[in-house]
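This report refers to the structure that appears directly beneath it.
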Amino acid sequence: MEGEQQKDERFISILKELETLKEDFVVRKIEGYKKATRQARLRFRFAGVLIIVLSACLPLLSTLREGIWISIVLPIVALTIAGLSGLSAFFHWESNWRGFSQTRFMLEYLLKEWELKIIQAKYEMDPQKAVEIAMQATKQLLDDTRSVTSEESEEFFKRAQLPKAAQN
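Quick note on numbering: the sequence shown equals residues 3 to 170 in my numbering.
Take a look at the structure:
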């Protein structure tokens, strides 16, 4: 009988419910963090590239003395650089990208730990002990997920502040 999976119907039924909990709570959060990470990364990189390219154009534009280049294009470029710099400072896209990525990686790790414990439960011959292992693993996963996401949310809101004026 060694090496056989748990076939107890109660265990199998409970495991299905635990997997639903995992999907609804943890996997959904991982997907949300994947999306948030992607958005923060794209915003950070887009703004950064635009700031660099437009800043590199400023010296050239400032040498042009005639027409719309000096009266319209130069001010628009300067305002765009200032606006993107301000938005980047306010929204902290780089920090958000890092925080969302770290949280997602931690959630994925916790999910793999849960899967490992579920494998252990599936091969436990005592049905009651198998249920206990699976229940404890799921409770631990849910608690750790709440803890990790709460920490990330707290950090996110610490970063979400108006930029402070320079001190003289």
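The beta-carbon is built from N, C-alpha and C at its ideal position, and this holds for glycine as well.
Residue i and residue j closer than 8 Å at C-beta
i: L60; j: L86; result: no
i: I120; j: A91; result: no
i: W99; j: R148; result: no
i: L63; j: L76; result: yes
i: K124; j: Q7; result: yes
i: D10; j: P129; result: yes
i: L23; j: A136; result: no
i: L66; j: I83; result: no
i: L181; j: V29; result: The question about residue 181 has no answer here: the residues shown for the chain are numbered 3 through 170.
Contact set for residue i: own chain, Cβ-Cβ below 6 Å, skip 5 residues either direction
i: R161; result: H94, S97
i: M3; result: With a pLDDT of 44 at M3, under the threshold of 50, the modelled position of this residue cannot be trusted; read the value that follows with caution. Excluding positions up to five away in sequence, the list is empty.
Segment limits, alpha helix (DSSP H) that includes residue i
i: Q138; result: 129-161
i: K18; result: 11-24
8 Å CB neighbourhood of residue i in its chain, flanking five on each side removed
i: V150; result: T105, M108, L109, L112
i: A38; result: N98, F102
i: G69; result: none
i: F158; result: N98, G101
Cβ neighbours of residue i in the same chain (closer than 7 Å, five flanking residues each side left out)
i: Y35; result: F102, T105, R106, L109
Per-residue burial, residue i [other beta carbons within 10 Å of its own, 16 or more giving buried]
i: F13; result: buried
i: A132; result: buried
i: L17; result: buried
i: F48; result: exposed
i: F46; result: buried
i: E154; result: buried
i: L118; result: exposed
i: E126; result: buried
| query | Where in the stretch 42-101 do unbroken runs of the alpha helix (DSSP H), each at least 4 residues long, occur, reported from the N-terminal end onward? | reply | 76-93
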